[in-house]
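Trainee:
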Amino acid sequence: MTTSCIHSAAPMPRWPALPRQKPNPLQEEKVSTESSAMTTAPAKAYQVNRAAQLLDVSRSTIYRMVKEKRLVMVKIGKRGSRITAESIAGVLNQPH
Numbered sequence: 042m043t044t045s046c047i048h049s050a051a052p053m054p055r056w057p058a059l060p061r062q063k064p065n066p067l068q069e070e071k072v073s074t075e076s077s078a079m080t081t082a083p084a085k086a087y088q089v090n091r092a093a094q095l096l097d098v099s100r101s102t103i104y105r106m107v108k109e110k111r112l113v114m115v116k117i118g119k120r121g122s123r124i125t126a127e128s129i130a131g132v133l134n135q136p137h
């Protein structure tokens, strides 16, 4: 007597994608403090990738905007750099 075991897994339902909203650069982000408690404080500078997300542009565009002096980049150490939140807000508030 042979019995075959057939596993037929039903396909997982696909959920509709949620609409993406542009985050507000002035919105408070969580930062850790020395007491290991999480508090919220507005970010003063963003990594290039995060700035690109906020402005919905590529990293190359961020660097081009820095070169055109539309964004302000600050250096952190030898290799680190950040885009100031103030300059991002200025770009977001510009009339098109």
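Count along the sequence shown from 1, then add 41; that gives the number in our numbering.
Yeah, the Cβ is synthetic: ideal placement off N, Cα and C, and Gly gets one too.
#1: Give the C-beta separation of Ser128 and Val113 to the nearest angstrom, bearing in mind that I take them to be a contact with Cβ-Cβ under 8 angstroms.
#2: List, from N- to C-terminal side, the alpha helix (DSSP H) runs of 4 residues or more that fit wholly inside the region 69–137.
#3: Using the Cα positions of Arg91 and Glu109, report the straight-line distance between them to the nearest angstrom.
#4: At the level of alpha carbons, what is the spacing between Gln94 and Lys116?
#5: Rounded to a whole number of angstroms, what is the C-alpha to C-alpha distance between Arg120 and Ala130?
Mentor: Answer, in terms of the structure:
#1: 4 angstroms
#2: 89–96, 100–108, 126–133
#3: 19 angstroms
#4: 20 angstroms
#5: 24 angstroms
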